[in-house]
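Order-wise, the sequence lines are chains P and G. Quick note: the numbering used here has the first sequence finishing at residue 434, numbered continuously throughout. Quick note: the numbering used here has the second sequence finishing at residue 434, numbered continuously throughout. Backbone N, C-alpha and C define an ideal beta-carbon position, used for all residues, glycine too. Comments concern the structure below.
Protein chains: 2
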Amino acid sequence: MAHIDFDPSTHPHRRLNPLTGEYVLVSPHRTKRPWQGQTEPPQQAGLPAYDPQCYLCPGNARAGGVRNAPYDATFVFENDYAAVLPPPGPAPPVAPHPLLTTSPVQGACDVVVFHPRHDLTLSRVALADLERVVATWCDIYARRGTQEGIEYVQIFENKGAMMGCSNPHPHGQVWSLSVVPTLPAKELENMRSYALANAGGGSPDAPKAPGGRCCLLCEYAHFEVGVAHDEGRVVYKNEHWVALVPWWATWPFEILLLPYKRHIPSLLDLSPEEKSSFAESLSNVTKRYDNLFSCSFAYSMGIHQRPVPLRADASPDDDVAHLHLHFSPPLLRSASVRKFLVGFEMMAEPQRDLTPEQAAQRLRAVPEEHYLDASSQGSTRVRSEAN
Amino acid sequence: MAHIDFDPSTHPHRRLNPLTGEYVLVSPHRTKRPWQGQTEPPQQAGLPAYDPQCYLCPGNARAGGVRNAPYDATFVFENDYAAVLPPPGPAPPVAPHPLLTTSPVQGACDVVVFHPRHDLTLSRVALADLERVVATWCDIYARRGTQEGIEYVQIFENKGAMMGCSNPHPHGQVWSLSVVPTLPAKELENMRSYALANAGGGSPDAPKAPGGRCCLLCEYAHFEVGVAHDEGRVVYKNEHWVALVPWWATWPFEILLLPYKRHIPSLLDLSPEEKSSFAESLSNVTKRYDNLFSCSFAYSMGIHQRPVPLRADASPDDDVAHLHLHFSPPLLRSASVRKFLVGFEMMAEPQRDLTPEQAAQRLRAVPEEHYLDASSQGSTRVRSEAN
Ligand SMILES: [Zn+2]
Ligand SMILES: [Zn+2]
């Protein structure tokens with residue numbers, strides 16, 4: 048057998064996601080195959096700044112008749128169709144068989160409107176507006192996370208008609224639950240195992256969790272920022288935050304955004320400077336996404352952190368979480384070609400063709416200025432400068 | 048606090064999927080909310096029996112110029128754009144950090160064309176055709192599963208433009224890999240744990256695995272067929288097979304199809320009668336799906352079983368697998384309303400509104416005759432008979 052050199056952009060291989068303990072199958076040689084799947088119409092442009100039919104615009108009526116405040120910054124309200132309900136809930140029934148157990152769950156679902164303007168997105172608002180969004184997330188995490196019975200506060204955004212989100216008004220959601228949901232629970236468990244398995248180890252210069260313990264994400268981010276910029280997976284980096292396409296990314300242009308200079312368990316542990324550079328990162332990442340295919344880029348975003356703010360009875364183990372954001376966008380190749388997790392991926396294991404390194408390279412190459420701003424000044428000039 | 052009786056069709060709760068160890072959040076009270084998401088155009092009808100542009104039709108040329116045989120039953124060929132490649136593969140590189148390990152993977156990807164007719168689906172072909180599909184799956188599992196280095200044979204079908212599958216010609220795929228992929232590996236691990244935890248236990252009348260060991264799926268199927276038909280989750284049942292909406296279903300109309308009379312690890316363990324009733328089940332389930340919204344229903348289907356045919360060096364533990372099929376359809380409410388796994392579901396935990404019991408009730412209520420056959424004889428008559 049002739050010796051073949053391994054080329055990560057040619058040879059199929061698997062990569063382990065250490066946060067979930069699950070693999071992704073990488074088939075980079077397939078990026079050459081012709082596209083035969085479904086395309087989606089590009090996002091509509093030219094929305095009004097105010098839409099009288101939008102249930103999120105200031106002063107408008109929502110389902111059930113409640114009227115939104117005439118807000119001028121961010122706006123939070125409880126979802127009229129919450130997936131969970133506040134306590135008290137009924138006692139679950141006795142299971143007719145041990146395999147058919149009903150687990151109780153209570154909580155609250157909030158909607159966080161990011162901006163009064165119907166036609167803006169996180170990629171289009173001013174930095175001061177993004178700082179207000181960060182402040183609102185901090186507030187709601189502190190408020191919901193200290194309510195009786197709440198064990199996890201899940202902040203997320205679901206953006207774009209392609210993601211099943213019909214209302215383009217910029218908004219996200221916060222589901223606060225009496226249980227830690229499956230994915231963050233699995234991530235926390237794996238971060239705990241990592242800290243135990245690497246006790247006293249890890250990179251000497253990587254940040255450490257309290258007690259000198261090893262943090263999976265501090266270790267990982269520290270490694271990635273040290274890789275030569277043109278070769279690695281880092282898309283953007285500032286004083287405190289790094290955005291990268293993780294080694295184990297499932298989605299073509301998936302991004303992990305996290306603080307890399309010190310171990311930060313939750314939003315409430317951020318300094319004012321770290322909050323400002325968080326807002327800057329959000330602006331940079333969402334602009335790059337829009338610029339990739341010159342469209343309002345669809346994604347699901349979620350914040351993972353310490354389940355709830357630190358309690359008086361916390362164990363040292365509760366510091367295991369490291370604040371991070373996942374961006375999972377379904378787009379692939381163009382504004383209208385959608386990635387589906389189906390067939391083999393649904394039945395066996397996620398699979399990707401474009402490698403994370405190739406995706407990062409493309410995300411690094413786009414201009415940092417939003418294409419809609421650039422085009423008003425002559426897009427050719429701005430684009431050639433940035434490349 | 049007033050006592051409230053738990054109502055599974057009203058109160059939010061969680062259900063554990065024992066095959067994966069993951070939860071689904073059930074929010075049945077939300078089925079009343081208005082729909083605000085994306086709709087998809089219904090599948091096109093009126094396809095030709097032969098399409099000169101189709102790369103799967105008999106005698107046509109595929110990418111790369113290879114020409115299909117003029118087949119008249121099923122037809123198998125190796126995918127021209129396989130996600131994995133046959134051995135030998137290069138040695139994976141030394142990991143620059145323990146978190147960035149590259150795992151090698153080799154294998155083969157086959158396409159299984161179910162029928163020469165371009166315009167048919169599994170729901171529309173004759174029973175004899177379905178028996179040929181089952182026989183072809185058995186053959187390919189036996190052939191690929193005994194090849195050097197193959198550790199798992201994943202048979203699946205990805206049907207419908209809504210699932211990213213653009214070619215309506217009836218076909219599925221088989222990916223044979225040098226590793227057991229994440230999801231079946233997790234299911235097998237949980238089935239193994241279940242057998243250990245329930246050693247000497249389980250229902251006395253449920254089938255048992257060799258050595259009298261307890262099988263998670265034998266136990267579960269045995270319980271479900273015993274529930275009063277109108278109240279439970281069973282959709283269809285014949286002499287050997289049961290189709291049900293599992294207690295822990297993620298997708299609105301998800302179905303688990305499995306043999307319930309005895310412990311059957313793989314396709315190769317089926318008797319001729321069990322193969323015939325398997326073909327009947329496939330016909331019944333796919334017809335019900337089409338009839339639900341009078342459209343060619345989109346789904347991903349996967350067969351899970353013993354990873355590869357029993358080897359001479361097998362341990363008794365290798366009998367833990369129990370043959371089963373997952374059907375995961377994205378449709379919800381109508382032919383054009385699609386369910387997305389996004390936002391909270393992607394970042395935290397799957398969530399469903401319609402309960403599995405409600406979904407099973409709807410799937411039981413549809414006629415067993417395909418709507419396209421029924422309408423040619425007068426759809427009103429046929430439909431009223433079946434309800
Ligand atoms: Zn996470
Ligand atoms: Zn399975």
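Cβ shell of Phe340/G (< 7 Å), same chain only, five flanking positions each side left out: Leu378, Ser381, Ala382.
- Item | Contiguous alpha helix (DSSP H) assignments of at least 4 residues, all confined to the region 315 to 345 of chain G | Counting only runs of 4 or more, we get 319 to 340.
Requested in this report: For the region 286 to 318 of chain G, enumerate the residues whose C-beta is nearer than 8 Å to any C-beta of chain P, in chain order.
Outcome: Of all residues in the region 286 to 318 of chain G, Trp294 have a Cβ within less than 8 Å of some Cβ in chain P.
Using a C-beta cutoff of 7 Å, does His60/P count as contacting chain G?
-> Interface residue, yes.
Quick one: grab the DSSP three-state call for Gly241/P.
According to the sequence displayed, residue 241/P carries Tyr and not Gly. Under the three-state reduction of DSSP output, Tyr241/P falls in the helix class.
If you draw a straight line from the alpha carbon of Ser170/G to that of Thr333/G, how long is it in whole angstroms? In this model, Ser170/G and Thr333/G are separated by some 5 Å (Cα to Cα).
**Study point:** Val226/P - DSSP class collapsed to helix/strand/coil
**Key:** Correct three-state label for Val226/P: coil.
Pairwise C-alpha distance: Phe391/P and Asp70/P: First, the amino acid is wrong: residue 70/P is Tyr here, not Asp. Between the C-alpha atoms of Tyr70/P and Phe391/P there is a straight-line separation of about 13 Å.
>> For Glu320/G, would you say it is in contact with chain P, using Cβ-to-Cβ distances shorter than 7 Å as the test?
In response: No, its Cβ sits nowhere closer than 7 Å to a Cβ of chain P.
Q: Please confirm if Trp184/G has its CB atom under 7 Å from at least one CB of chain P.
A: Closer than 7 Å: no.
* Asked: Which of the three DSSP states, helix, strand or coil, is assigned to Gln405/P?
  -> Gln405/P: helix per DSSP, three-state reduction.
Inset, instruction - Please indicate yes or no: does the CB of Leu266/G lie closer than 6 Å to some heavy atom of ligand 2? - result: The sequence given here places Glu at residue 266/G; Leu does not occur at that position. Relative to ligand 2, the beta carbon of Glu266/G is positioned no closer than 6 Å to any heavy atom.
Could you check what DSSP says for Thr149/P in three-state terms: helix, strand or coil?
Of the three classes helix, strand and coil, the one that applies to Thr149/P here is strand, per DSSP.
*So is the beta-carbon of His310/G under 6 Å away from any non-hydrogen atom of ligand 2?*
In this structure, the C-beta of His310/G stays at least 6 Å away from each heavy atom of ligand 2.
Original post:
For ligand 1, any of its heavy atoms closer than 6 Å to the Cβ of Glu234/P?
Top reply: Yes, ligand 1 has a heavy atom inside 6 Å of this Cβ.
- Item | Simplified DSSP state of Leu410/P, which is helix, strand or coil | Helix.
His276/P classed as buried or exposed, judged by whether at least 16 other C-beta atoms fall within 10 angstroms: Answer is exposed; the Cβ neighbour count stays below 16.
(request) Consider the C-beta atom of His76/G and the heavy atoms of ligand 1; say whether any pair is separated by less than 6 Å. (result) Checking the Cβ of His76/G against ligand 1 gives no.
query = Assuming Ser347/P contacts Ser375/P under a Cβ cut-off of 8 Å, what Cβ separation, rounded to an integer in Å, is found between them?
reply = 5 Å between Cβ atoms; contact.
At the 7 Å Cβ level, is Ile51/G part of the contact set with chain P, yes or no? Yes, Ile51/G counts as interfacial toward chain P.
Check: Unbroken beta strand (DSSP E) runs of length 3 or more, entirely within the region 115 to 198 of chain P: which are they?
Finding: Note on the region 115 to 198 of chain P: whole beta strand (DSSP E) runs with a minimum of 3 residues are 122 to 125, 149 to 151, 154 to 160, in chain order.
Checklist entry - Which of the three DSSP states, helix, strand or coil, is assigned to Phe300/P? => result Three-state result, Phe300/P: coil.
- Proximal chain P residues relative to Thr267/G, where beta-carbon distance stays under 9 Å: Note that residue 267/G is Tyr in the sequence shown, not Thr. Those within 9 Å of Tyr267/G in chain P are His144, Leu146, Leu147.
For this session: Run the CB neighbour count on Asp252/P, radius 10 Å, all protein chains shown included, and call it buried at 16 or more, exposed below.
Result: So Asp252/P counts as exposed.
How about Met393/G: is its C-beta nearer than 7 Å to some C-beta of chain P?
Chain P places a beta carbon closer than 7 Å to that of Met393/G, counting this residue as a contact.
Worksheet item: Within 7 Å (strictly less), CB to CB, does Gly211/P reach chain G?
Response: So, interface residue.
* CB-CB under 6 Å to Val172/G, same chain, minus the five flanking residues each way: which ones, in chain order? -> Annotation for Val172/G: His162 place their beta carbon closer than 6 Å to its own, counting only its chain and skipping 5 residues before and after.
With a cut-off of 8 Å, do at least 3 Cβ pairs link the region 209 to 226 of chain P to the region 367 to 374 of chain P? The region 209 to 226 of chain P vs the region 367 to 374 of chain P: no contact.
query: If you draw a straight line from the alpha carbon of Ala138/G to that of Gln153/G, how long is it in whole angstroms?
result: Between the alpha carbons of Ala138/G and Gln153/G lies a distance of about 11 Å.
If you count every other CB in all the chains shown that lies within 10 Å of the CB of Asp52/G, and 16 or more means buried, which is it? Burial call: exposed.
Quiz prompt | Euclidean distance between Cα positions of Cys185/P and Tyr102/G | solution = In this model, Cys185/P and Tyr102/G are separated by some 54 Å (Cα to Cα).
Would you mind giving the Cβ-Cβ distance between Ala407/P and Val282/P, rounded to the nearest angstrom? I have them listed as a contact below 8 Å. The beta-carbon distance between Ala407/P and Val282/P, rounded to whole angstroms, is 5 Å. This is short enough to meet the 8 Å contact definition.
Residue range of the alpha helix (DSSP H) that includes Leu66/P:
Counting along the chain, Leu66/P falls outside any alpha helix (DSSP H), and DSSP gives it neither H nor E.
Which residues bound the alpha helix (DSSP H) around Val272/G?
First-last of the alpha helix (DSSP H) with Val272/G: 263 to 272.
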